[in-house]
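> Everything in the sequence shown is counted per this note's numbering, starting at 73 for the first residue and increasing by one.
What follows is a single structure, and I will ask about it in a moment.
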Amino acid sequence: MADQIAVGKVLVAGALNADLVLRVDRLPTSGQTVSAHGRSRGSGGKGLNQAVAAAGAGAAVAIIGCVGGDAAGVALLATLSGHGIDCSAVRVDAAVESGMAAVFVDADGANSIIIVAGANGQLRLGDIEDLVIGPDDVLVAQGEIPVEVTEHFLVTGRRAGARTVLNLAPFVPPSPRMLEATTVLVVNDAELLDLAAWCVGDVDGLDGPGVVQAVTGVLAAGPEALVLTLGSAGAVLVTRTGIVAVPGHHVPVTDTTGAGDAFTGVFAAELARGTDLATATVKANDAASLVVQRDGAAQAMPTRGEIDAVGSPA
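Quick look at the structure:
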């Protein structure tokens, strides 16, 4: 795997945020004030994080996004360039502030995140028009930019013969065309429940018949495959012809903030280099297990060598 030459590139359309990370003993509940015992700033947003993860895994990566004409926007572009990511399709809108996120991380590494869209909400259909997309490319999108832009991005990719990966996080009600234009859908259990409710109505949890109903309903809406991420329990790949369960890695957890983005970015990078879906799921799961042992999101993304060095779960 490490010597395999990349075939296609990864194109990411997504949010770019200036992150403020606050370390707390416990996450606040409604009406509660807690004190932070540490803070840090960095670059984030699901689009940026996933692009950095894909680049770290060895893919050629380009990103489509929008930043404000502020110091945060300058820092976000510098982060992308520093990871070798083509950010020529990132538009600078001087009239708005860059997106931002406040990230609360507790003593167990669990997190709560509040995002302010800022410039991310200014991404437009025209930002997609001049993209050069090849049939070996992989397009990646999430739920942090306008739905109509995500739809246009995915549809444009499929028309070009490329594969598309939709990480529907945070969950937003997708348009039917979004799902029809999705090759692989990546969601966690909460996002799957929300999506299943949108596709087929409420399901009774994800145990037994509930998960079958949820997955069957979602795949009927268009995606060719679905990957359900389960944290320390691993991941499950479901296609129309079978199921592959990937066991989790039991590792010490420092911060779970970037785990899902590492999974999606590395998964896309694997597809772009010609890896099959099952192996891509394994490698993505390996990458996520590394990220949760580190602080932060973008700065925690692993390298190709680190991913390939992860052993099989015991």
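Each residue gets a CB set at the ideal place from its N, CA and C atoms; glycine is no exception.
(1) In chain order, what residues of the same chain have a beta carbon less than 6 Å from the beta carbon of V316, not counting five sequence neighbours either side?
(2) For L88 versus V139, is the C-beta spacing smaller than 8 Å?
(3) List the whole-angstrom C-beta distance separating V237 from A340, where the pair is believed to meet the contact cut-off of C-beta under 8 Å.
(4) For V221 versus A85, is the C-beta spacing smaller than 8 Å?
(5) If you drop the 5 nearest sequence neighbours on each side, which residues of the same chain put their C-beta closer than 6 Å to that of T151?
(6) Taking Cβ positions only, does V318 come closer than 8 Å to chain B?
(7) Between V283, L291, V287, V284, which lies nearest to M250 when the distance is taken from Cα to Cα?
(8) Can you find the residues in the same chain that come closer than 6 Å, C-beta to C-beta, to K118, ignoring five residues on each side of it along the sequence?
(9) For L300, which three-state DSSP category applies?
(10) Is V256 closer than 8 Å to A297 when the C-beta atoms are compared?
(11) Pull up the CB-CB distance for V146 and M172, whole angstroms please, since I reckon it's below 8 Å.
(12) Keeping to the same chain, check which residues put their C-beta closer than 6 Å to that of A331; ignore five residues upstream and five downstream.
(13) Note down the Cα distance separating D380 from K355, rounded to an integer number of angstroms.
(14) Output yes or no for whether 8 Å exceeds the beta carbon distance between A174 and L92.
(15) Given L149, which residues of its chain have a CB within under 7 Å of its CB, disregarding the five upstream and five downstream residues?
(16) Can you find the residues in the same chain that come closer than 6 Å, C-beta to C-beta, to V259, ignoring five residues on each side of it along the sequence?
With the structure as the only source:
(1) Against the sequence shown, residue 316 aligns to sequence position 244. Closer than 6 Å at the Cβ level, and outside the excluded window around V316, lie L309, A350.
(2) The count along the sequence shown starts at 1 and reaches residue 88 at position 16. The count along the sequence shown starts at 1 and reaches residue 139 at position 67. Contact: yes.
(3) Taking the first residue of the sequence shown as position 1, residue 237 is located at position 165. Taking the first residue of the sequence shown as position 1, residue 340 is located at position 268. Contact holds; Cβ gap of about 5 Å.
(4) Position 149 of the sequence shown, counting from 1, holds the residue named residue 221. Position 13 of the sequence shown, counting from 1, holds the residue named residue 85. Remark: C-beta atoms of V221 and A85 approach each other more closely than 8 Å.
(5) In the sequence shown, the residue the question calls residue 151 occupies position 79. S115, listed in sequence order.
(6) In summary, chain B is missing from the structure at hand, where a single protein chain is found.
(7) Position 178 of the sequence shown, counted from the start, is the residue given in the question as residue 250. Here the closest residue by C-alpha is L291.
(8) Numbered from 1 along the sequence shown, position 46 holds the residue referred to as residue 118. G86, A87, Q214, E216, D333, listed in sequence order.
(9) By 1-based counting over the sequence shown, the position of residue 300 is 228. In the structure shown, L300 sits in a strand (DSSP, three-state: E or B).
(10) The residue given as residue 297 occupies position 225 in the sequence shown. The residue given as residue 256 occupies position 184 in the sequence shown. Taking 8 Å as the Cβ cut-off, A297 and V256 qualify as a contacting pair.
(11) Mapped onto the sequence shown, residue 146 falls at position 74. Mapped onto the sequence shown, residue 172 falls at position 100. That pair is no contact at about 14 Å.
(12) Taking the sequence shown and counting its residues from 1, one reaches residue 331 at position 259. Cβ within range, chain order: A360, V363, V364.
(13) Numbered from 1 along the sequence shown, position 308 holds the residue referred to as residue 380. Numbered from 1 along the sequence shown, position 283 holds the residue referred to as residue 355. Straight-line spacing of the CA atoms in D380 and K355 works out to 8 Å.
(14) The count along the sequence shown starts at 1 and reaches residue 174 at position 102. The count along the sequence shown starts at 1 and reaches residue 92 at position 20. In this structure, A174 places its C-beta atom within 8 Å of the C-beta atom of L92.
(15) Here residue 149 refers to the residue found at position 77 of the sequence shown. The residues are V139, C159, V162.
(16) Within the sequence shown, the letter at position 187 stands for residue 259. So the qualifying residues of the chain are L240.
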